[in-house]
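Okay, structure first, notes after.
In the working numbering, the protein residues as written are 18 to 179.
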């Protein structure tokens, strides 16, 4: 009976694996004007340990919102020539590229979670982006900002099409 249970568990494990690798995203829908509605912290890990609930319980909603206030309500106008104008910050014109489900805007790298005619959700490791930004500074910057290598803060960026 015990062997039958393990056999059923094994079959169930493999039959429920729905990773069929067929998650094609129609990236042609990115062209147009998008408003960044919200940036949410979706996962925080330290040395591979999930610390999301602890971090979010220590911060109130206002503190989380304040972290990204300068970016939210920005407008990203993606053009067919692989340039994007970002307004709300400084109105920068930068390039973007898409490779599979990866969107690179200037030096920022996002995973495209969903994209349709009116909604886009992107995901980015925020601390990895910060760590890359500090790589260009001198060696004393590590003392000031610490090493982000053992920690990740995954953020979800929610857009609506204008």
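Glycine included, each C-beta is placed from N, C-alpha and C at the ideal position.
Asked                                                                                                                                         : Found
Taking 8 Å as the threshold, find out whether the stretch 133-143 comes into contact with the stretch 168-175 through three or more Cβ pairs. : yes
Should the stretch 63-71 be called in touch with the stretch 109-119, which here means at least 3 C-beta pairs below 8 Å?                     : no
By DSSP, does residue 97 sit in helix, in strand, or in coil?                                                                                 : coil
I need the boundaries of the beta strand (DSSP E) containing residue 142, first residue and last residue.                                     : 136-142
If you draw a straight line from the alpha carbon of residue 93 to that of residue 61, how long is it in whole angstroms?                     : 26 Å
Taking residue 98 as the reference, which of 49, 179 and 54 has the closest Cα?                                                               : 49
So, residue 109 versus residue 118, is the Cβ gap smaller than 8 Å?                                                                           : no
Let me make sure I understand the geometry here. Which of 178, 179, 143 and 122 has the alpha-carbon closest to that of residue 57?           : 143
Kindly identify the DSSP beta-bridge partner or partners of residue 89.                                                                       : Partner(s): none; residue 89 has no beta bridge.
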